[in-house]
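Here's the structure we're looking at; comments come further down.
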Amino acid sequence: MIKKAVFAGSFDPFTMGHFDIISRAIRSFDEIYVGVAADTGKVCQLSLSDRTEIVKESLKDLKNVYVTSFEGFLVDFVKACGAQFVLRGLRTSNDFEYEKALAEVYKSQMPKLELIYLISSHNYCHISSTIVRELATMGGNVKGYVHDNVVEKVLKLYNGGENIKWNLKS
Ligand code: ADP
Numbered sequence: 002m003i004k005k006a007v008f009a010g011s012f013d014p015f016t017m018g019h020f021d022i023i024s025r026a027i028r029s030f031d032e033i034y035v036g037v038a039a040d041t042g043k044v045c046q047l048s049l050s051d052r053t054e055i056v057k058e059s060l061k062d063l064k065n066v067y068v069t070s071f072e073g074f075l076v077d078f079v080k081a082c083g084a085q086f087v088l089r090g091l092r093t094s095n096d097f098e099y100e101k102a103l104a105e106v107y108k109s110q111m112p113k114l115e116l117i118y119l120i121s122s123h124n125y126c127h128i129s130s131t132i133v134r135e136l137a138t139m140g141g142n143v144k145g146y147v148h149d150n151v152v153e154k155v156l157k158l159y160n161g162g163e164n165i166k167w168n169l170k171s
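Residue numbers for the sequence shown follow my numbering, beginning at 2 and rising by one.
What follows is the structure in structure tokens.
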């Protein structure tokens, strides 16, 4: 059987923390489906299409990784992908408490589903979409926080490109 995993989020924006989890996990799965959630329960700063575009650009060099947006509940997206696993990242013990509750909910809807967790690499465990969003909105240097493919795009989308004072080539 082909081993398929889903990695989902609102990705406002997709960060190097997310990239790290997917690039390491692809060694253990045949295919990873990255789902950009339309219905996130929170207000996103970027549109669904911009968020999806950033994820696609960030992951374009990884084989067997497919990016798409989805509406509704994650478990339905998992079923639509024909996946058996949901991949998640763990940064801190706070993540663990939240993930434990989330796992209970997902399992109650799809008992055969397995959740697989990768511990964040030490150089990415401080990164969150919230921090990157704040940095980008203020025109800060997001290099190293988002994939090199999307540094300029992220600054332009969050900051309008008006306040960029960093030499992105260095
Ligand atoms: P959203 O994009 O919906 O806010 P999150 O980024 O909070 O979603 O979560 C999506 C998944 O990515 C979660 O499993 C979360 O723990 C993981 N994740 C987010 N940032 C990092 C990081 N820096 N390192 C490892 N995993 C991360």
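We treat Cβ as the ideally placed atom computed from N, Cα and C, and that holds for glycine.
Fair warning: this is a prediction, and the values are worked out from it, not measured in the lab.
(message) According to DSSP, simplified to helix, strand and coil, what is A6?
(response) A6: strand per DSSP, three-state reduction.
(message) Here's a check: name, in chain order, each residue in its chain whose Cβ is nearer than 8 Å to the Cβ of R134, leaving out the five neighbours to either side.
(response) If we look at R134 and ignore the five residues flanking it on each side, its Cβ neighbours are D13, P14, Q46 and Y159.
(message) Is the beta carbon of H123 closer than 9 Å to that of S59?
(response) Their beta carbons are not under 9 Å apart, which means S59 does not touch H123 by this criterion.
(request) Evaluate the contact criterion for the stretch 62-77 versus the stretch 23-38: three or more CB pairs, one atom per stretch, below 8 Å. (result) The stretch 62-77 is in contact with the stretch 23-38.
(request) Mark A102 as exposed unless 16 or more other C-beta atoms lie within 10 angstroms of its C-beta, in which case mark it buried. (result) Counting Cβ neighbours within 10 Å, A102 comes out exposed, since fewer than 16 surround it.
(request) Please indicate yes or no: does the CB of G90 lie closer than 8 Å to some heavy atom of the ligand ADP? (result) Result yes, Cβ under 8 Å from the ligand ADP.
(request) Could you check the C-alpha separation between L136 and G161 for me, to the nearest Å? (result) Rounded to whole angstroms, L136 to G161 spans 13 Å at the Cα level.
(message) For V1 and G145, what's the separation of their Cα atoms in angstroms?
(response) Nothing can be reported for residue 1, as the shown portion of the chain is limited to 2 through 171.
(message) Using only CA atoms, which one of G18, K80 and R25 lies nearest to S130?
(response) S130 has its Cα closest to that of G18, out of G18, K80 and R25.
(message) Suppose the cutoff is 7 Å on Cβ atoms and the five residues either side in sequence are ignored; what does the same chain contact list for E105 look like?
(response) Nothing meets the Cβ criterion.
(message) Rounding to the nearest angstrom, what Cα-Cα distance links C82 and G141 in this structure?
(response) In a straight line, the C-alpha of C82 is about 37 Å away from that of G141.
(request) Spatial neighbours of S24 within its chain, please: CB distance less than 8 Å, with the 5 preceding and 5 following residues excluded, ordered by chain position. (result) Within the same chain, S24 has close Cβ partners L63.
(message) Looking only at its chain, what residues have a beta carbon closer than 8 Å to the beta carbon of V143, apart from the 5 residues adjacent to it on each side?
(response) Same-chain partners within the cutoff: V133, L136, A137, V152, V155 and L156.
(request) Taking F97 as the reference, give the member of S121, D77 and V56 with the closest Cα. (result) Selection S121, D77 and V56 evaluated against F97 yields S121 as nearest (Cα-Cα).
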